[in-house]
Amino acid sequence: MSETTQKSLYGMTLAELQQLCTDNNLPAFAAKQIARWLYTSRISDISQMTNLSLAARAALAEHYTIGRIEPIKVSTSSDGTKKYLFPTQQGQYIESAYIPDADRATLCVSSQAGCRMGCRFCATARQGLQHSLSAAEIINQILSIPESEKLTNLVFMGMGEPLDNMSNVLAAIEIITSPWGMGWSPSRITLSTAGVASNLAQFLDSTKVHLAVSLHNPFHEERAEIMPIEKAYPIREVCDILRRYDFTGQRRVSFEYIVMEGLNDSPAHIKELCRLLNGIKCRMNLIRFHKIPDSPYFSPSNEQMIAFRDKLTAKGIQTTIRASRGEDIQAACGLLSTKEQAKKQGSQN
């Protein structure tokens, strides 16, 4: 059987591995053994599963492969940030960003190739949605970079909308946080969403990971202009759902706010933000706008960012300015993959 028709073991949950064992006449306990080889030992070949019989390994190798796909390109920033480019099984490209910071090492992973949310300030949105990633392709981003063992934190803030790919994202989180999988604490993981309200409650009920909501404008009409999702799922509806949950314990909710000069940084926006977020224990992360080609938006000066932060803090909203990383390697989501896709299409024409 050819490599391309083999199924990937990466991305399989314990229940799926148990079914695999049933289908291949393996003992039930072999499911946890396989999971440990995949997600703890992080082997690269089925032949390395030495506590399975040679016959069992041969049977697995006939129909399955580990599923590891190495990155095809890496860009390294002067600040230590690395951006990895991976091919997908459907011929597209995705990006992962490795961000070292003192004793923290964060990986920003993608959940889709492209995105259908259409946010006007995002390079990934210009690609449209190519396809959602499998759980295998999500897990592969974590296990296939050289810094895999160093990672302390994981953020679903790369390409795509995680809540638009619920089943595969939830499967990946299950693998990352389960004792039979990678065994991470949910407190090491944050998922970012533009606000797919229809899937938000299921996500919050199914996991204990942190949530980050891409807000960017508190006014309905203005937000709809830059984030079309606002028309289907108004941010007020998202906030109403969040008020039903407790964020006073270990789980946190934050709001991401890309500050665009003259567009969403006025005193009126501060007043409306306070009204919108009333009753939600949260923090606000201000982000400088990373310029993308042909974009009409601009980032405020450092002084304007600090003033905006201080005004929100004075109103009782815990606010920080997120440090920009990797600007010299175009670390903003979608820029590298868009460039690679254009190069590929150019070579085919």
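In the numbering used here, the protein residues as written are 104 to 452. Yeah, the Cβ is synthetic: ideal placement off N, Cα and C, and Gly gets one too.
query                                                                                                                                                                                     : result
For Thr108, which residues from the same chain have a beta carbon less than 8 Å from its beta carbon, with the 5 sequence-adjacent residues on both sides left out?                       : none
Determine contact between the segment 237-247 and the segment 293-301, defined as no fewer than three beta-carbon pairs at a distance below 8 Å.                                          : no
How do the segment 181-201 and the segment 214-227 stand: do at least 3 beta-carbon pairs fall below 8 Å, yes or no?                                                                      : yes
So is Thr143 buried or exposed if we call it buried at 16+ other beta carbons inside 10 Å?                                                                                                : exposed
In angstroms, rounded to a whole number, what distance separates the CA positions of Glu340 and Gln233?                                                                                   : 28 Å
State whether the segment 125-135 contacts the segment 246-263, with contact taken as three or more CB pairs (one from each stretch) at a distance under 8 Å.                             : no
Locate the alpha helix (DSSP H) running through Cys342, then write down its first and last residues.                                                                                      : 338-345
Rounded to whole angstroms, what is the Cα-Cα separation between Glu240 and Tyr167?                                                                                                       : 15 Å
To which residues of the same chain is Val312 closer than 7 Å at the C-beta, ignoring the five residues directly before and after it?                                                     : Ile276, Pro289, Ile292, Thr293, Leu294
Have a look at Val177 and Asn381 and give me their C-alpha separation to the nearest angstrom.                                                                                            : 42 Å
In the segment 353-413, which residue ranges form an unbroken alpha helix (DSSP H) of at least 4 residues, counting only runs that do not cross its ends?                                 : 370-379
So what's Ser105 in DSSP terms, helix, strand or just coil?                                                                                                                               : Because the pLDDT at Ser105 is just 43, under 50, the model does not fix this residue reliably, and the value given afterwards should be weighed accordingly. In this structure, Ser105 counts as coil in the three-state DSSP scheme.
Applying the 10 Å Cβ sphere with the 16-neighbour rule, what's the burial state of Thr423?                                                                                                : exposed
Could you check whether the segment 367-374 touches the segment 313-325, counting it as contact only if at least three pairs of C-beta atoms, one from each stretch, sit closer than 8 Å? : yes
Express the C-alpha separation of Lys110 and Met104 in angstroms, rounding to a whole number.                                                                                             : Low local confidence applies: a pLDDT of 39 at Met104 is under 50, so the model's placement there is unreliable, with the coordinate-based value given in what follows. Approximately 11 Å, taken between the alpha carbons.
Buried or exposed for His352, please, with buried defined as at least 16 other CB atoms from any protein chain shown within 10 angstroms of its CB.                                       : According to the sequence as given, residue 352 is Gly; it is not His. So Gly352 ends up on the exposed side.
So the candidates are Lys418, Pro396, Phe306, Gln421; which of them puts its Cα closest to the Cα of Asp267?                                                                              : Phe306
How big is the Cα-Cα spacing for Gly114 and Leu236?                                                                                                                                       : 11 Å
Any idea if Ala118 is buried or exposed, counting beta-carbon neighbours within 10 angstroms, 16 or more meaning buried?                                                                  : exposed
Give the DSSP-derived three-state secondary structure of Tyr113 in the structure shown.                                                                                                   : coil
For the alpha helix (DSSP H) that Asp204 lies in, which residues bound it at each end?                                                                                                    : No alpha helix (DSSP H) contains Asp204, which is instead part of the beta strand (DSSP E) from 196-204.
Within a Cβ cutoff of 8 Å, which residues of the same chain sit near Gln122, ignoring the five residues on either side of it in sequence?                                                 : none
Determine the DSSP secondary structure at Asn154, reduced to helix, strand or coil.                                                                                                       : coil
Measuring alpha carbon to alpha carbon, tell me which residue in Phe224, Ser270, Met330, Thr310 is nearest Thr280.                                                                        : Thr310
Rounded to the nearest angstrom, what separates Thr116 and Gly286 at their Cα positions?                                                                                                  : 13 Å
Within 10 Å of its beta-carbon, does Glu106 have 16 or more other beta-carbons around it, so buried, or fewer, so exposed?                                                                : With a pLDDT of only 44 at Glu106, under 50, the local geometry of the prediction cannot be trusted, and no value is derived from it.
Please look up how many angstroms separate the CB atoms of Ile420 and Leu376, rounded, as I've assumed it's under 8 Å.                                                                    : 7 Å
Could you tell me which residues DSSP pairs with Gly217 in its beta bridges?                                                                                                              : Leu232
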